[in-house]
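Numbering (the working numbering), first residue to last: -5 to 196. Note that beta-carbon positions come from the ideal geometry of N, C-alpha and C, so glycine has one too. Just so it is clear, the structure is predicted and the values come from calculations on it, not from any experiment. Accompanying notes for the structure given below.
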């Protein structure tokens, strides 16, 4: 099964509150974003948004230029049912991301850890640089080094803070990290690491 079919099936088979990564309120992401003191009109993208509640929580904070990107049409349809046309929707693999926007904040909770091949991680970093403002921020979260080894039946790469810093050190300056023990809807623990970076000035 190809990647798109895999994720479409997941969002067809489960409601957005049944997937293991569901959060009523993505507290750590919101706390780290709050610390940036971004303006209401700054461009923000949630990469691999799925049916996340991040967008509505950011709307509640007054942000007005939000984009959600996901490979699954069904996942984004779930957000559209809740938010309508208040945000921009992009149905695409990150590799094929096509937009003229340059985002002040690139948020990714659990896309990067699916990239088990170095070549895919290099493409990810290239798209990140292409579509980020010169003074932009990266907020990225993956399964931690003591977290699960698979997600939704797919192998992932576990990361420590140091490993994520090493992945992005050429173009991004590390600001801070946070650890999270996420409890899935079925009560399972999932250890995450969050890292916040600022783009290096060239």
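Local Cβ density within 10 Å of residue i, reported as buried at 16 or more and exposed below that
i, result
"residue 72", "buried"
"residue 135", "buried"
"residue 130", "buried"
"residue 104", "buried"
"residue 174", "buried"
"residue 45", "buried"
"residue -3", "exposed"
"residue 98", "buried"
"residue 161", "buried"
"residue 110", "exposed"
DSSP-derived helix/strand/coil call for residue i
i, result
"residue 120", "helix"
"residue 148", "strand"
"residue 114", "helix"
"residue 34", "coil"
"residue 129", "strand"
"residue 109", "coil"
"residue 203", "Because the chain is modelled from -5 through 196, residue 203 falls outside the range shown and cannot be assessed."
"residue 95", "coil"
"residue 44", "coil"
Residue nearest to residue i in terms of C-alpha spacing, selected from the options
i, options, result
"residue 178", "100, 2, 17, 101", "17"
"residue 65", "42, 53, 56, 54", "42"
"residue 170", "154, 63, 195", "154"
"residue 188", "-1, 2, 145, 23", "23"
"residue 86", "182, 185, 195, -1", "-1"
"residue 58", "67, 47, 82", "82"
"residue 40", "52, 110, 184", "52"
"residue 124", "113, 140, 185, 90", "90"
According to DSSP, residues forming a beta bridge with residue i
i, result
"residue 64", "85"
"residue 134", "102, 189"
"residue 184", "176"
"residue 39", "61, 100"
"residue 170", "190"
Alpha helix (DSSP H) segment containing residue i, residue limits
i, result
"residue 49", "48 to 54"
"residue 25", "21 to 30"
"residue 143", "Residue 143 -> no alpha helix (DSSP H), and no H or E assigned at all."
"residue 157", "155 to 162"
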